[in-house]
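Heads up: the protein sequence lines correspond to chains A and B, in order.
Using our numbering, the letters of the first sequence correspond one by one to residues 1 to 303.
Using our numbering, the letters of the second sequence correspond one by one to residues 1001 to 1655.
Note that the Cβ used here is the ideal one computed from N, Cα and C, for glycine as well.
Accompanying notes for the structure given below.
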Amino acid sequence: MNANLFIPTLFAVVFAPLILGIINRTKAFFGGRHGQPFLQLYYDLFKLLRKGATYSKTTTYIFRLGPMVGLVCVLLATTLVPFGGIRSFLCFPGDILLFAYILGLMRFFTVLAALDTGSSFEGMGAAREVHFSALAEVAFFLGLIVLAKATSSASFSDMYSSSFPYIWIANSTQMLLVGVAFFLVLLTENARIPVDDPNTHLELTMIHEVMVLDHSGPDFAFILYGSALKLWVLGTIFTQTIFPFRSGSIYLDLLFSFLAMIVLGVIVGIVESTMARLRLLRVPQLLVAAAALSTVALVLSMR
Amino acid sequence: MTFFLYSLSIFLVSGLLALISKRSAFLSSFFGIAGCVAGCVLGLIPSIQVLLSGQGLSFSFPWAMPLGAFVLNIDFLSAFFLVPVFVLCALAGLYGGQYLYSYRSTHCLGFSWFCFNILVGSMALVIVAANALLFLLAWELMALASFFLVIFEAKKESVRKAGWMYLITTHIGTAFLLAMFLLMAQSAKSMNFMDWDKLEYLPSLARGIFFILAVVGFGAKAGFMPLHIWLPEAHPAAPSHVSSVMSGVMIKTGIYGLIRILSFLGFPSFWWGWTLLAIGIISGVLGILFALAQSDLKRLLAYSTVENVGIITMGLGITLLGIAYQIPVLTVIGFVGSLFHVLNHALYKGLLFLCAGAVLHGTGMRDINLMGGLLKRMRYTGLFFLAGAIAICGLPPLNGFGSEFLIYFACFTGGIPGSHNVAIPALALIIFLSLIGGLSIACFSKAFGIAFSGEPRHESMNHAHDTGWLMKIPMGILALSCILVGFLSPCLLPRIFQNYLSAEHLGILEKATFSLSQITIASIVFLFLLGILALVRSLLLCVRKVETTVTWDCGYAAPTARMQYTGTSFSQILVEFYNFFLRVKQKLSAPKGLFPEPGSFSMETPDLFQEKVFSPLFVRTGNVLCILHTLQHGRIHLYVLYIIVMLIVLLLWKL
Chain A
1 MNANLFIPTL FAVVFAPLIL GIINRTKAFF GGRHGQPFLQ LYYDLFKLLR
51 KGATYSKTTT YIFRLGPMVG LVCVLLATTL VPFGGIRSFL CFPGDILLFA
101 YILGLMRFFT VLAALDTGSS FEGMGAAREV HFSALAEVAF FLGLIVLAKA
151 TSSASFSDMY SSSFPYIWIA NSTQMLLVGV AFFLVLLTEN ARIPVDDPNT
201 HLELTMIHEV MVLDHSGPDF AFILYGSALK LWVLGTIFTQ TIFPFRSGSI
251 YLDLLFSFLA MIVLGVIVGI VESTMARLRL LRVPQLLVAA AALSTVALVL
301 SMR
Chain B
1001 MTFFLYSLSI FLVSGLLALI SKRSAFLSSF FGIAGCVAGC VLGLIPSIQV
1051 LLSGQGLSFS FPWAMPLGAF VLNIDFLSAF FLVPVFVLCA LAGLYGGQYL
1101 YSYRSTHCLG FSWFCFNILV GSMALVIVAA NALLFLLAWE LMALASFFLV
1151 IFEAKKESVR KAGWMYLITT HIGTAFLLAM FLLMAQSAKS MNFMDWDKLE
1201 YLPSLARGIF FILAVVGFGA KAGFMPLHIW LPEAHPAAPS HVSSVMSGVM
1251 IKTGIYGLIR ILSFLGFPSF WWGWTLLAIG IISGVLGILF ALAQSDLKRL
1301 LAYSTVENVG IITMGLGITL LGIAYQIPVL TVIGFVGSLF HVLNHALYKG
1351 LLFLCAGAVL HGTGMRDINL MGGLLKRMRY TGLFFLAGAI AICGLPPLNG
1401 FGSEFLIYFA CFTGGIPGSH NVAIPALALI IFLSLIGGLS IACFSKAFGI
1451 AFSGEPRHES MNHAHDTGWL MKIPMGILAL SCILVGFLSP CLLPRIFQNY
1501 LSAEHLGILE KATFSLSQIT IASIVFLFLL GILALVRSLL LCVRKVETTV
1551 TWDCGYAAPT ARMQYTGTSF SQILVEFYNF FLRVKQKLSA PKGLFPEPGS
1601 FSMETPDLFQ EKVFSPLFVR TGNVLCILHT LQHGRIHLYV LYIIVMLIVL
1651 LLWKL
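Okay, here's the thing in structure tokens:
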């Protein structure tokens, strides 16, 4: 077996928490602050892993299972997406579907764990999560259809293969539109501004953060790490769609893809610094806009 | 074939025995269950034999029925539909034994068991009948048996209303089928299915008419929107093992009939595929939206049946388009995906209805908004419901994902790269299937999360108890088979279809099963990683302090269980967004003034088609027909006059 196949997963596992550090430093820069260290999330994870845990007496094994299933799902998702021109560990026609549905399984268990606490706050967060992600899924699939149509394949590794830059140049408008749609999906799925504010302290307005209010200790570490990985995998899909760069050398490609991820962190940071969170009723409109962008791309590629 | 005939006769004899011994609840239950299980096991033998060997079985028997002939034929298609029928009915029968027994003092169990076994037998007969008249007779027997099963609790008005609605809908469907079969038999000059191959040479207009009649006739049974209105009424009214059988397999006889008729009609026009695809999309999306808006657990499951039938129909639609535009990938994988979904839906919907029955049995409630905390009180039922919920949302690694994957796969590999004729329907299917996927996660996280998690919202939850073993075992077997079928699908599907598909088509299927095998590998990796993570977590926690406290309540001193989010509040944000389709009725009397009176709020989602289309239609028709009431006045001498007038008219006509 080719050891290269593990590189996309390895990059994700090692560097995923760094992107959040970059986002936070960008936000601090815009706020005129020094900000937390780039490696803050790594410290947080180690701190949480060394702590005990507190459980509500309402909860059952679903609550304990939720963070673990979520982390394993997203770990599996990292084995499906190529990185820096290196094929993913699992690649087969239709792996895009497994990717979308494995993230669905993660969402299902996160929502069940939230409802398991019997808290109204977490119920609200769960209801919003399932609502928005059902729409985000449509926008995501529309984008995938454009990619599948352009590359005549149904696997991430075949889509972002070495010939992708040529396909990209021939379909640049569509790719840019899909890229923007994927970016909106990424913001929604990862609970970033303008959909959700990860830094708010008001339970009533949150989505993702409110669902994990009751988790603590190692469980919470799993959740934080899982969300970092989710940002990473969706980010790799976005960056590879927007920046199709291939030099022919593995190391150069990897370096470039890594830099692209840092750029993604900066972009997200800029969006978070310059925008306010949307009202919850406006979020579906954002997602419908994402779907509309993908649809325009689709019309362009089908003409 | 002998086994199959034995099985049919066992259903009849055991049903009659149950009816005779109706004075003793124990004896009639015993005869009913024993006959049901024995008949199903005997029936499974020839079905599996046909599936594995590819050799069809047939049987004919001289029958003194005008136009009819007792011809039975088990080919691949019949065998494929027979397997879920026998498996689910045997398990539901076992479950029903204990479930119905608690009604023994007030209801006649013998009659219910008689109808149940007749229902199972007639479903099997529908699937193997190879003669139009025999098919219609079995179809009617099935409708009547299930009608009597639905009105088991006929003392309740809501149950009688539900049964009535079912009876009418199913007979409207049968009327279309009768017309279709008569026209087809006239064209083919035979009532036997084996002579119907020549129907494919008819002009496309005639075949189109047959297609429409079949879609309406079988669609009423299968639950195509807008003919689905009986499902959300009849499934909650029926005893749970009956709803399980009706939803899991009986409605599939509609799908079976449609496929069977399509097999006679030859090369399809492109609009057939579009019609089925459109029906599938409408049923799928509206079905899951209405499911989301329900607070009655069994009603929710009934609407979700409409959704799943929609997915099956979408797959059939894309199959027909594949044939019409000669794209074998769409045809083969779309068809295998639809059939696989038929099997999967029988397993997990059967399971979910049995679980809903266990909840009803344990708490006496069907309203999700009053439930809560059941996972602690009904551990097994909760676990089985969770398995069913994961499967029905189409999430890996359970079986629901396999069939949805195949349908998606057909579209992505066969439809999207093709010409606009197939790319556009494939596109529509992918988009709506992904929307359905997202919404069903919402629907079943609500069903499980509100009913089984949190704190009890009503005092009757505190007395909830798990069911006995006779009810647990069938649920456990179904849950296990959902898991096994999910993992083994890459081995199962080629094995089943190898005798049915040509070598070229089998090659196409193997591409899809290769992907399924990769998914199985991914699932095994998933379980492995989950095990490691669980180990890590327990190692980390075993040396640290683990505390138990209350759920975070913002420091409020006296939280109560009634403050929890309910099912209605969970779905409210979605229901409002999709209100254009749902037309939710809200009643709010808000508290007013400085010293407010108690306020109230209620919300219900009646069926749109029933409210806006069928009720007005039937009321109008009823009003028009009321004119005829003047003829029926109860005066005997005038009735005698009618007869004389009629006789004279007939005499004059013949002169």
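Which of helix, strand or coil DSSP assigns to residue i
i              : result
residue 197/A  : coil
residue 1313/B : helix
residue 171/A  : coil
residue 83/A   : strand
residue 1553/B : coil
residue 190/A  : coil
residue 214/A  : coil
residue 1499/B : coil
residue 44/A   : helix
residue 1466/B : coil
residue 1489/B : helix
residue 58/A   : coil
Beta-carbon proximity list for residue i, same chain, < 6 angstroms, skipping 5 on both sides
i              : result
residue 1254/B : 1218, 1221, 1222
residue 1601/B : 1588
Cβ-based neighbour list, residue i, same chain, cut-off 7 angstroms, excluding 5 preceding and 5 following
i              : result
residue 1528/B : none
residue 1178/B : 1136
residue 1356/B : 1240, 1297, 1298, 1301
residue 1057/B : 1001, 1046, 1050, 1074
residue 1122/B : 1138, 1141, 1142, 1145
residue 167/A  : 150, 151
residue 60/A   : 116
Test: residue i CB closer than 7 angstroms to a CB of chain B
i             : result
residue 116/A : yes
residue 131/A : yes
residue 137/A : yes
residue 134/A : yes
residue 237/A : no
residue 194/A : no
DSSP bridge partner residues for residue i (one or two, in chain order)
i              : result
residue 1072/B : 1059/B, 1129/B
residue 1546/B : 53/A
residue 1586/B : 1603/B
residue 158/A  : According to DSSP, residue 158/A bridges with nothing at all.
residue 116/A  : In the DSSP output, where bridge partners are listed per residue, residue 116/A has none listed.
residue 1192/B : 1131/B
residue 1296/B : 1367/B
Any chain A beta carbon closer than 7 angstroms to residue i
i              : result
residue 1455/B : yes
residue 1325/B : no
residue 1161/B : no
residue 1565/B : yes
residue 1438/B : yes
residue 1548/B : yes
residue 1657/B : Nothing in the structure corresponds to residue 1657/B, since chain B is present only between 1001 and 1655.
residue 1449/B : yes
residue 1489/B : no
residue 1428/B : no
residue 1442/B : yes
Anticipated Cβ contact below 8 angstroms, residue i with residue j, distance rounded
i              : j              : result
residue 118/A  : residue 1564/B : 5 angstroms
residue 1138/B : residue 1072/B : With 8 angstroms as the limit, residue 1138/B and residue 1072/B do not qualify as a contact, their Cβ atoms being about 10 angstroms apart.
residue 1411/B : residue 1430/B : 5 angstroms
residue 1257/B : residue 1350/B : Not really, about 20 angstroms apart at Cβ, beyond 8 angstroms.
residue 1126/B : residue 1234/B : Contact flag wrong, Cβ pair sits at about 18 angstroms.
residue 1284/B : residue 1259/B : Incorrect: roughly 18 angstroms between the Cβ atoms, too far for contact.
Close-in-space but distant-in-sequence residues of the same chain around residue i (CB under 8 angstroms, 5 per side omitted)
i              : result
residue 107/A  : 129, 130, 133
residue 1236/B : 1162, 1243, 1296, 1298, 1299, 1302, 1366
residue 1118/B : 1011, 1012, 1015, 1141, 1145
residue 1470/B : 1094, 1095, 1097, 1098
Near the ligand ATP: residue i beta-carbon under 6 angstroms from a heavy atom
i              : result
residue 1259/B : Questions concerning the ligand ATP fall outside what the structure shown contains, since it holds no ligand whatsoever.
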